[in-house]
Amino acid sequence: MNRCKTLSRNATGNLSYLVHLKLGAKYMLTYNLNTGDKLVNGSVGVLRHVETCKLKKSDGIGIKRIWLEFMDGPKVGFETRSAVHRYMIVNKINHKWTPIERQAKIIHEKKTTSLSVTRRQFPVIVAEAMTIHKSQGCTFDSVAIGMRKGMSQSLQYVACSRVTKANGLYILNEYKKPATLNTNNPIVVELQRLESIAKEPMFSFLHSQDNCGYQFIYHNVQSLNAHYKDILADRSFMASDFLLFAETWSITGDEYEFPDFQLGVETFSSLNRTRKHNGVAIYIKKHIPVIKRMAYPDYEKGIHLAVLYLQNRVRLIVLYSKPGNSCDDIVEALNNTIGVDYQEYISILAGDFNINMSTEHGKEFCEILREVYWLHLKTNPAHWTTRGGTTIDAVFASQDLKCCGVYESTFSYHIPLYGRL
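Sequential numbering from 62 applies to the sequence shown in the working numbering.
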């Protein structure tokens, strides 16, 4: 019996001879109680309650079970808590606490002897401190790491990555940077290999302009109010100089803040506070001076135009025309806004024309814009601009563009278009 007291936990089924209990202290499970319930060896929880009971055949008090609140979230021990849910309510036990029962293990002092004893103990050890290896898989709000000379990079990584935020990381002793890995180290070799075959994202060139002139993106957003945050999160949009939107569905009082952008001009989707499937807007970078603004909303025909005249003779035009409008309807709207003074400006026209540019009717419309306004189709009519396989969105310009094409959208039926001049 006495010799069994000194055996290591490896020889006793991971059950300690003596466990010191202190409310508020951290304890680690040393035994897989229920793998499906995530009550596994290495799970760490805080001791919240020690439940006692009267011992049989004596007047003494014994420990019946302990209750831990696990640090890895409510999923750990959920099934175990559910099984005693009514008991917890009756005894006013916090619903976040998980009961841990004593476990029984048969211990043999030696493998060659048939003599054995049974140890009944709680499968926990104090976990206010633990080895770095044992901490793998755990996360903590704060940790203190005892650094020592010669600690490898891999050990330092495991130790420092246990904490959820940088201000919860405390380093004991002097920190010494580990030795640089040898060039023949397998990790170094693999990192170099991965860098050599890195794939460049298709649209990474839109993230930085490098003094390439002006960059613009046009998009039928199908509600700026609904997708404002999606646009904010897109690096290509935010790196552009001009943002041209159709079908903004905007109403009086709407305000959208894009960093470093100013609202150039817009039309509202309706005369009241009802959001309808039209409206256009142009946003430009704050450092670009604007000379003139024009807004043309035709609520009867469902044609919306917005025009910006910039100091450097650049004219931006965004258009939305509802389905069913004719070429003549669109030309009339253009005549009422930009006229035919195309020679005075470098004009960019982008919009949802609801005319399929890949059809004969679309080709006739493109010819009209070229002859009347000297606006040439710059997007490829063979490239779809909607999820339905049509080319009803397009970019026209009065001079050559450095590049122009279709981008990507995760939220709209329409595909954005980009260009540089």
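The beta carbon of each residue, even a glycine, is placed where N, CA and C say it ideally should be.
Q: Could you tell me if G207 is buried or exposed, where buried requires 16 or more neighbouring beta carbons within 10 angstroms of its beta carbon?
A: Looking up residue 207 in the sequence shown gives position 146. Here G207 is exposed, its C-beta having fewer than 16 other C-beta atoms within 10 Å.
Q. Measuring CA to CA, which of T174, I407, V105, G450 is closest to F201?
A. As a position in the sequence shown, residue 201 is number 140, starting the count at 1. Ranking T174, I407, V105, G450 by Cα distance to F201 puts V105 first.
Q. Between the beta-carbon of Y88 and the beta-carbon of V185, is there less than 7 Å?
A. Taking the sequence shown and counting its residues from 1, the one referred to as residue 88 is at position 27. Taking the sequence shown and counting its residues from 1, the one referred to as residue 185 is at position 124. With respect to the 7 Å criterion, Y88 and V185 are classified as neighbours on the basis of their beta carbons.
Q | Cβ-Cβ distance between R126 and W158 below 7 Å | A | Walking along the sequence shown from the start, residue 126 turns up at place 65. Walking along the sequence shown from the start, residue 158 turns up at place 97. No, Cβ-Cβ distance for R126 and W158 is not below 7 Å.
**Q.** Neighbourhood of D413 by C-beta distance below 8 Å, restricted to the same chain and skipping five residues each side
**A.** Indexing the sequence shown from 1 puts residue 413 at position 352. Sequence-distant partners of D413 (beyond 5 residues in either direction) whose C-beta falls short of 8 Å from its own C-beta, in its chain, are N281, A307, E308, L380, Y381, S382, I453, D454, H475.
Q: Pull up the distance between the alpha-carbon of Y289 and that of K353, whole angstroms please.
A: What you label residue 289 is simply residue 228 of the sequence shown in a count that begins at 1. What you label residue 353 is simply residue 292 of the sequence shown in a count that begins at 1. The straight-line gap from Cα to Cα measures roughly 26 Å.
(Q) I need the boundaries of the alpha helix (DSSP H) containing Q217, first residue and last residue. (A) By 1-based counting over the sequence shown, the position of residue 217 is 156. Element bounds for Q217: 214 to 221.
(Q) Tell me which residues share the same chain as T398 and place their Cβ nearer than 7 Å to its Cβ, disregarding the 5 neighbours each side in the sequence. (A) Residue mapping note: residue 398 aligns to position 337 of the sequence shown, counting from 1. M355, Y357, L366, V368.
Q: Identify which residue in S175, V204, S213, H437 has its Cα closest to the Cα of K226.
A: For this step, residue 226 is matched to residue 165 along the sequence shown. With distances taken between Cα atoms, K226 lies closest to V204.
**Q.** Cα-Cα separation, R223 to K210
**A.** Sequence index remark: in the sequence shown, residue 223 carries index 162 (1-based). Sequence index remark: in the sequence shown, residue 210 carries index 149 (1-based). One C-alpha to the other measures close to 20 Å.
Q: Tell me whether P239 is buried or exposed, calling it buried when 16 or more other Cβ atoms sit within 10 Å of its Cβ.
A: Start at 1 with the first residue of the sequence shown, and residue 239 comes out as number 178. Exposed: under 16 other Cβ atoms inside 10 Å.
Q) What beta strand (DSSP E) runs, 3 residues minimum, are completely inside the region 177 to 218? A) 178 to 182, 185 to 187, 204 to 207
Q | Which of helix, strand or coil DSSP assigns to P160 | A | Here the question's residue 160 lines up with position 99 in the sequence shown. Three-state result, P160: strand.
Q) Using DSSP with H/G/I as helix, E/B as strand and the rest coil, what is V224? A) Translated into the one-based positions of the sequence shown, residue 224 becomes position 163. V224: strand per DSSP, three-state reduction.
Q) Which residues mark the beginning and the end of the alpha helix (DSSP H) in which F139 is found? A) Taking the sequence shown and counting its residues from 1, the one referred to as residue 139 is at position 78. Taken as a continuous stretch (DSSP letters only), the alpha helix (DSSP H) holding F139 covers 139 to 144.
**Q.** Sequence-distant residues of its chain with Cβ nearer than 6 Å to G34 (five each side left out)
**A.** The requested residue 34 does not occur in the structure, where the chain is confined to residues 62 to 482.
**Q.** Start-to-end residues for the alpha helix (DSSP H) that takes in V101
**A.** Working through the sequence shown from its first residue, we reach residue 101 at position 40. That residue, V101, is in no alpha helix (DSSP H); it is neither H nor E in DSSP.
Q: Any chance you could list the beta strand (DSSP E) runs of at least 3 consecutive residues sitting entirely within the region 300 to 380, in chain order?
A: 303 to 307, 322 to 327, 341 to 346, 351 to 359, 364 to 371
(Q) Tell me whether the region 91 to 102 and the region 112 to 128 touch, counting them as touching only if at least three CB pairs, one residue from each stretch, are closer than 8 Å. (A) no
Q) Closer than 7 Å, CB to CB, is W445 near chain C or not? A) Annotation note: the requested chain C is absent from the structure, which comprises a single protein chain.
Q.
Using a 10 Å radius around the Cβ and a threshold of 16 neighbouring Cβ atoms, would you call P160 buried or exposed?
A. Stepping through the sequence shown from its first residue, residue 160 is reached at position 99. Classification for P160: buried.
Q.
Starting from K125, trace the beta strand (DSSP E) in both directions and tell me its first and last residue.
A. As a position in the sequence shown, residue 125 is number 64, starting the count at 1. First-last of the beta strand (DSSP E) with K125: 122 to 131.
Q | Distance, T244 Cα to S175 Cα | A | On the sequence shown, residue 175 is found 114 positions in, with the first residue counted as 1. On the sequence shown, residue 244 is found 183 positions in, with the first residue counted as 1. In a straight line, the C-alpha of S175 is about 56 Å away from that of T244.
Q. Which residues mark the beginning and the end of the alpha helix (DSSP H) in which S77 is found?
A. Reading the sequence shown from its first residue, position 16 is the one you call residue 77. First-last for S77: undefined, no H or E at that position.
Q: Using 10 angstroms around the beta-carbon of V341, count the other beta-carbons present and answer buried if the total reaches 16, otherwise exposed.
A: Translated into the one-based positions of the sequence shown, residue 341 becomes position 280. Burial call: buried.
Q: Go through its chain and collect everything with a Cβ distance to M191's Cβ below 6 Å, but skip five positions before and after it.
A: Walking along the sequence shown from the start, residue 191 turns up at place 130. So the list is empty, once near-sequence residues are dropped.
Q: Using the Cα positions of R530 and I248, report the straight-line distance between them to the nearest angstrom.
A: This structure gives no information on residue 530, because the portion of the chain shown stretches from 62 to 482.
Q. In angstroms, rounded to a whole number, what distance separates the CA positions of P477 and N228?
A. In the sequence shown, counting from the first residue as 1, residue 477 sits at position 416. In the sequence shown, counting from the first residue as 1, residue 228 sits at position 167. If I take the Cα positions, the gap works out to 41 Å.
Q | Start and end residues, alpha helix (DSSP H) containing N281 | A | Here residue 281 corresponds to residue number 220 of the sequence shown, with the count starting at 1. N281 -> not in any alpha helix (DSSP H); beta strand (DSSP E) instead, spanning 276 to 281.
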